[in-house]
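This report concerns only the one structure given below.
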Amino acid sequence: MKKTHKIDFSSDWNLAPAPESTTHFKLKDTYDLFINGKFVAPKSGKYFDTINPANEKVLAKVAEANEADIDSAVKAARKAYDTVWSKLSGKERGKYIYRIARIIQERAREFAVVETLNGGKAIRESRDVDVPLAAAHFFYYAGWADKLEYAFPNRKPKALGVAGQIIPWNFPLLMAAWKIAPALAAGNTVVIKSSETTPLTAYLLAEVIQEAGLPAGVVNIVSGAGLTGSFIVNHPDVDKIAFTGSTAVGKIIMKAIAGTPKKSTMELGGKAANIIFEDAALDQAVEGIVNGIFFNQGHVCCAGSRLYVQESVFDVVVQKLKDRMNSLNVGDPLDKNTDIGAINSKKQLETIAKYIEIGKNEGAEMYQPSCDLPSKGFWCRPTIFTKVSQSNRIAQEEIFGPVLAIQTFRTVDEVIEKANNTPYGLSAGVWTDKGSKIFNMTSQMRAGVVWANTFNKFDPASPFGGYKESGFGREGGVHGLEAYLKFE
Amino acid sequence: MKQIDFSNSPRIDQVGIEDRIARITARSIKKESKMQGLLMALNMIDLTTLEGADTEEKVKQLCFKAHHLHDDIPGLPTTAAVCVYPNFVKLAVNELKGTGVKVAAVATAFPSGQSSAEIKLLDTKMAVDNGADEVDMVISRGKFHSGDYNFVFDEIAMIKEACGKNVRLKVILETGEIGTLDKVRQASDIAMYAGADFIKTSTGKIKPAATLPVTLVMLEAIRDYYYKTGIMIGMKPAGGISTSKLALQYLLMVKETLGGKWLTNEYFRFGASSLANDVLLQIAKQQSGIYQSNDYFSKV
Amino acid sequence: MSRIEVLKTYKIYIGGSFPRTESGRYYPLIANKKTVANMCLSSVKDFRNAVVAARGAQGGWSHKTAYNRCQILYRIAEVLEGRKAQFVEELELQGSTKAKAQQEVDLSIDRLIYYAGWCDKYTQLYSTVNPVSGSFFNFSVPEPTGVVSVFAPQKSGLLGLVTQIASIIAGGNTCVVLAAEQLALCAVTFAEVLATSDVPGGVVNILTGNQTELLTQFAAHKDVNAILYCGKDAEMIAKIQDLAIENLKRVVIREDGDYFDEKHESPYLIFDFQETKTTWHPIEVIAGAGAGY
């Protein structure tokens, strides 16, 4: 490598703290289950604490649903389906969903702050990505409710009935929107379980659903851990399971419903290849690498966690990447200038720390920018590993944290082979200034979403979902409706 | 010296640049960092008048303002420089003696650059001989568009030679006439390798003048040049920057792209005429807590 | 003594503002044998100005994100919902029964929402990736035709008008509409709704006046890309078709009938004002296996 001159990023001029205000709303002390249009105490009698991962303080107590609670939720959903929702015209259904979209827009700032408090993600992301996208999802699917015949001509689409939905902790509100909006538009009723570490925005959404005047029981929202989820999966009156989470749990769910008439869609893990060719716009590619792996602290199933850089530009890309990492602010998620917030939970932090150790022990070279971390809470500096080979565990397994494994390649053939050399197939990224190369790459990638000269872009109109062990079924777009319909 | 192929400058992806800009403009610069930034911005302004109607009186007033920005507020810095046509240089140098404010002169048949090498040289010499500290030249955009990159390179090198070591040369690309970000990058590379001390976006006579995306592309070019040579080139966005908020976003972009060393008027300038008063308004607001009116701040 | 009511001046709507006709002329709008209002009798110059406004707005409107267009159409519905009473009153003034008027306004709102929903969906259903032989990525997408001149239905002053406007602007076109001559009150009031609904000025322009007088320019104006006529007059249709040939203007004929019918809710109404664009792009074939879609 030629000697290059290093840039000094220290400065006397630093950003003062700019925390988002939390005074415009008040969290409740306790959140009960939302069943049949009302907030009800759990039959389990149990509540668990939900905390702010940035300071480990308890935010609220949240009800834990047991089998009897799930049974009431499913019964409420079934009754709402039979007596009201299935009888309503698509037009009127659509108007309810539009209302949800509009109220989320009105209460956007509150949603963003609560999402950040409960999940640890930077307010910049919850404000600019999670919440507006969630509203957009409802807006988009609202419009489909009276147009299903055009989406599936000659197939006479019909709702499935009661949809059981289980969502993860990385995008709590957004995943709820991805699940609920198409289900309702297609005419189903819903029982949805939020994650045990991030249940709060789902209950804010329950308030919105109340405010929107949705008929009781059309949407039921519960919380709890894996066991609660299993009660939904195994309930005989649930027609459909939609799951987003790890591949391991996805497989358990599929075992449980094998042999039943339940339909399912699975949105599971990933280990996306992000591929930088030498003719790419390198500064923008570096920005794409950052967005790919450090967005949401790397808690993203489609994160670009395997970076492949063409050897001729490896040095300069790594140098630019390190420089860019030096201007990332790690810390208080509520601060408007924070780029990387808190790791979602202690457990996840331990997982990430374990993989960082593995990476070091396997001989890869680690780089982290020097930045102070708060003393309380769960934190991880943005981390990159160079000198990684394809067989390293950090290049093969999903870490779900801000940790990037970088390899080099020489030819197109080689990188295609390496990129596809994984049991996962959720997403991929390609960076080149040459259009014909992009289309070659997109046609060769065994992945459900390929981003070219961008990364981690989402839109309600665009289908999202995986190949291989990253799952099946698509969310978003006209494709996302299919998961919630049956055809003659 | 190794021949550099300027037709092969790095590619720029416009959408990616916009994404990066969106992250910069989402930053919140508040309280003490805002105050510090505002003072820094004032000290980086090239207070400018470049009009056909300029008179000696106007230039005198401008010079006074440059080191008396608002005497009601103690401790304010001066602007970095005043920027005038070459025929006012002598006057400006006289007016600004002992103030530390530099005198910059536009030259080389500003703003179009449509003239002969002789005249451009004479224009430059006039500015230099009259005592200008800095020369702001324009590149020949016509030649640039027709692909005659060597002509553009040689012309810059010639003007730099005329400036000598002690007069710093700012090279105006006139990005509003250049068209694409790829071309902005290419022109930046030509200017730096030809000997520019500063690269500058615009004359202020063409719209769009300076924008955040164009400036980011130029800052990244400066960074790549520094990686290779260790030489720090300055940056001057000019025209279209009239609010404090925007000025602070520029400064933050410099900090995040090039680091703290570039945050002095040695390496960063704003070419602006109305920015100073908006910054003053904001400083007064920060100090008093009350929103201000233009009526209380002198125009130039 | 009872209060003297302030009467409303009905003006036309061009480029986001409400001028009077430049001609200074008017015509009486008569219902139940009484003059209800003096409407602007728009001239060809008003039309010319409206086309300039529509052309100016077309690029910006069609380049807005589909989601944004969707939200703006939804906003029109929201604002219309809030002003229901005024529309019902005007429909009654023009001779409708209260019940029928209420129905017409309700359905107009719902129809806007129906077309709002299509804004970010129709391209997904009607675009294609074309399996050409050869290493090319080849795709076709619908794009708006451009500026549309519209002779609105004469028998359906609000619902008919809303249906035409919604289906045209949902697809990214802009339009100049001549309202129903004798049912024009709601058209002008609807313009006020548009003006307060985030619809950029010039996207919809509404004139009041006489079809026969404006026919030639509506059909012949060279900066208009399509014309919509709602009616059955064979002579009118023939003339429009003839004049439209000059610049190969697209001619769409729709009925002037019962706009309560659900058949007026269809993406194919959007397609009447769309062109198809096909793009070819090479696919590099370096890595062994032939690439293709």
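Protein sequences appear in the order of chains A, B and C. Going by the working numbering, the first residue of the first sequence is number -9, and it counts up by one from there. Going by the working numbering, the first residue of the second sequence is number 31, and it counts up by one from there. Going by the working numbering, the first residue of the third sequence is number 20, and it counts up by one from there. We put the beta carbon where it would ideally sit given N, CA and C, even for glycine.
My output table needs one value for A/Glu388: the three-state DSSP class, helix, strand or coil.
Position 398 of the first sequence, counted from the start, is the residue given in the question as residue 388 of chain A. Looking at A/Glu388 - three-state DSSP - the assignment turns out to be coil, as it is neither helix nor strand.
By the 7 Å beta-carbon criterion, what residues does the segment -7 to 23 of chain A contribute toward chain B?
Those residues of the segment -7 to 23 of chain A that come within reach of chain B (Cβ to Cβ, closer than 7 Å) are Thr(-6), His(-5), Ile(-3), Asp(-2), Phe(-1), Ser0, Ser1, Asp2, Trp3, Asn4, Leu5, Ala6 and Ala8.
Please list, in chain order, the chain A residues whose beta carbon lies closer than 9 Å to that of B/Lys61.
Translated into positions along the second sequence, residue 61 of chain B becomes position 31. Simply Ala6, Pro7 and Ala8.
Could you work out which residue in A/Phe477, A/Gly177, A/Pro162 and A/Val74 is closest to A/Ala102 when comparing CA atoms only?
Here residue 102 of chain A refers to the residue found at position 112 of the first sequence. A/Ala102 has its Cα closest to that of A/Pro162, out of A/Phe477, A/Gly177, A/Pro162 and A/Val74.
Determine the closest residue to B/Asp76 out of B/Ala187, B/Gln317, B/Val165 and B/Gly260, with distance taken between C-alpha atoms.
Within the second sequence, residue 76 of chain B is the residue found at index 46, counting from 1. Per the Cα distances, B/Val165.
Shorter than 8 Å from the beta carbon of A/Leu272 to some beta carbon of chain B?
In the first sequence, the residue the question calls residue 272 of chain A occupies position 282. It does; some Cβ of chain B falls within 8 Å.
Cα-Cα, which of A/Met256, A/Ala53, A/Thr(-6) and A/Ala98 is closest to A/Ile157?
Numbered from its first residue, the first sequence carries residue 157 of chain A at position 167. Measuring from the Cα of A/Ile157, the nearest candidate turns out to be A/Met256.
According to DSSP, is A/Ser302 helix, strand or coil?
As a working mapping, residue 302 of chain A is identified with position 312 in the first sequence. If DSSP states are grouped into helix, strand and coil, A/Ser302 belongs with the helices.
Between C/Lys282 and chain A, is the shortest Cβ-Cβ distance under 8 Å, so that the two count as touching?
Within the third sequence, numbered from 1, the residue matching residue 282 of chain C stands at position 263. So no, C/Lys282 is outside the interface.
Alpha carbon to alpha carbon, how far is A/Glu301 from A/Met(-9)? Give it in angstroms, no decimals.
Your numbering for residue -9 of chain A matches position 1 in the first sequence. Your numbering for residue 301 of chain A matches position 311 in the first sequence. Confidence at A/Met(-9) is low in this model, with a pLDDT of 49, below 50, so its placement is unreliable and no value can be given for it.
Please tell me whether A/Val104 and A/Leu194 are closer than 8 Å, where the distance is taken between their beta carbons.
Within the first sequence, the letter at position 114 stands for residue 104 of chain A. Within the first sequence, the letter at position 204 stands for residue 194 of chain A. For A/Val104 and A/Leu194, yes; Cβs fall inside 8 Å.
What are the uninterrupted segments assigned as alpha helix (DSSP H) that are 4 or more residues long and contained completely in the segment 233 to 277 of chain A, given in chain order?
Taking only runs of at least 4 residues, the alpha helix (DSSP H) segments lying wholly in the segment 233 to 277 of chain A are 237 to 247.
Are A/Pro9 and A/Asp329 touching if we call contact CB-CB under 8 Å?
The residue given as residue 9 of chain A occupies position 19 in the first sequence. The residue given as residue 329 of chain A occupies position 339 in the first sequence. Against a cut-off of 8 Å, the Cβ pair of A/Asp329 and A/Pro9 comes out as no contact.
Jot down the residue ranges of each uninterrupted alpha helix (DSSP H) in the segment 145 to 198 of chain A, minimum 4 residues, whole runs only, in chain order.
As far as the segment 145 to 198 of chain A is concerned, its whole alpha helix (DSSP H) runs of at least 4 residues are 162 to 175.
Between A/Val440 and the rest of its own chain, which residues show a CB-CB distance below 8 Å, the 5 nearest in sequence each way excluded?
Mapped onto the first sequence, residue 440 of chain A falls at position 450. Excluding residues within five positions, the ones whose Cβ falls inside 8 Å are Ser417, Ala418, Gly419, Val420, Met431 and Thr432.
For chain A, is any of its Cβ atoms less than 8 Å away from the one on C/Asp291?
The residue you call residue 291 of chain C lines up with position 272 of the third sequence. Not one chain A Cβ lies under 8 Å of C/Asp291.
Quick test of your reading: C/Lys258 and C/Leu234, contact by CB under 8 Å. State the CB separation rounded to the nearest angstrom.
Position 239 of the third sequence, counted from the first residue, corresponds to residue 258 of chain C. Position 215 of the third sequence, counted from the first residue, corresponds to residue 234 of chain C. The Cβ separation is near 6 Å, so the contact holds.
Below 8 Å on the Cβ atoms is my contact criterion, and I expect A/Tyr457 with A/Gly470 to pass it. Report the Cβ-Cβ distance as a whole number of Å.
Here residue 457 of chain A refers to the residue found at position 467 when the first sequence is read from its first residue. Here residue 470 of chain A refers to the residue found at position 480 when the first sequence is read from its first residue. Actually they do not touch by this definition, with Cβ atoms about 17 Å apart.
Taking only beta-carbon atoms, is A/Ala409 less than 8 Å away from chain C?
If you number the first sequence from 1, residue 409 of chain A lands on position 419. Chain C, which has no Cβ nearer than 8 Å to the Cβ of A/Ala409, makes this no.
Which one or two residues does DSSP pair with C/Cys59 in a beta bridge?
Here residue 59 of chain C refers to the residue found at position 40 when the third sequence is read from its first residue. Partner(s): C/Tyr45.
From the DSSP output, in three-state form, read off A/Lys28 for me.
The residue you call residue 28 of chain A lines up with position 38 of the first sequence. If DSSP states are grouped into helix, strand and coil, A/Lys28 belongs with the strands.
Strictly under 8 Å for the Cβ-Cβ distance: is C/Asp125 near chain A by that measure?
Within the third sequence, residue 125 of chain C is the residue found at index 106, counting from 1. Answer no: the Cβ-Cβ gap between C/Asp125 and chain A never drops below 8 Å.
Examine chain A for any beta-carbon lying closer than 8 Å to the beta-carbon of B/Met31, and answer yes or no.
As a working note, residue 31 of chain B is residue 1 in the second sequence. Only weak support exists for where B/Met31 lies, its pLDDT of 47 falling under 50; the value from the coordinates is given anyway. No, no contact with chain A.
Starting from A/Tyr86, trace the alpha helix (DSSP H) both ways and give me its first and last residue.
Residue 86 of chain A sits at position 96 when you count from the first residue of the first sequence. Segment Gly80 to Glu96, the alpha helix (DSSP H) holding A/Tyr86.
Considering just the uninterrupted stretch of the alpha helix (DSSP H) at C/Ile184, what are its terminal residues?
Position 165 of the third sequence, counting from 1, holds the residue named residue 184 of chain C. That run of the alpha helix (DSSP H) goes Leu178 to Ala189.
Between which residues of its own chain and B/Pro238 is the CB-CB distance below 7 Å, once the five residues before and five after are set aside?
Indexing the second sequence from 1 puts residue 238 of chain B at position 208. Excluding residues within five positions, the ones whose Cβ falls inside 7 Å are Gly206 and Gly270.
At a CB distance below 9 Å, what residues from the segment 253 to 269 of chain A approach chain B? Give them in sequence order.
Correct list: Asp269.
Does A/Ser79 come within less than 8 Å of chain C when only Cβ atoms are used?
The residue you call residue 79 of chain A lines up with position 89 of the first sequence. No, its Cβ sits nowhere closer than 8 Å to a Cβ of chain C.
Start and end of the beta strand (DSSP E) containing B/Asp166?
Residue numbering aside, residue 166 of chain B sits at position 136 when the second sequence is read from its first letter. Looking at the DSSP string, the run of the beta strand (DSSP E) that includes B/Asp166 is Glu164 to Val168.
Which of the three DSSP states, helix, strand or coil, is assigned to B/Asn38?
For the purposes of this step, residue 38 of chain B is identified with residue 8 of the second sequence, where counting begins at 1. Here B/Asn38 sits in helix by DSSP.
Once the 5 residues before and after A/Tyr86 are set aside, which same chain residues still bring their CB inside 7 Å of it?
Numbered from its first residue, the first sequence carries residue 86 of chain A at position 96. The residues are Ala202 and Leu204.
Are at least three pairs of beta-carbons, each pair with one atom in the segment 51 to 59 of chain A and one in the segment 7 to 22 of chain A, less than 8 Å apart?
The answer is yes - the segment 7 to 22 of chain A touches the segment 51 to 59 of chain A, with three or more Cβ pairs under 8 Å.
Under the three-state reduction of DSSP, which class applies to B/Lys329: helix, strand or coil?
As a first step, residue 329 of chain B must be located in the second sequence, where it is residue number 299. Coil at B/Lys329, not helix or strand.
What would DSSP say about B/Ile75, mapped onto helix, strand or coil?
Taking the second sequence and counting its residues from 1, the one referred to as residue 75 of chain B is at position 45. Here B/Ile75 sits in strand by DSSP.
Which two residues bound the contiguous alpha helix (DSSP H) that contains C/Arg88?
By 1-based counting over the third sequence, the position of residue 88 of chain C is 69. Looking at the DSSP string, the run of the alpha helix (DSSP H) that includes C/Arg88 is Ala85 to Gly101.
Among A/Thr373, A/Asn351 and A/Ala409, which one has its Cα closest to the Cα of A/Arg383?
One-based indexing of the first sequence puts residue 383 of chain A at position 393. Among A/Thr373, A/Asn351 and A/Ala409, the Cα nearest to that of A/Arg383 belongs to A/Asn351.
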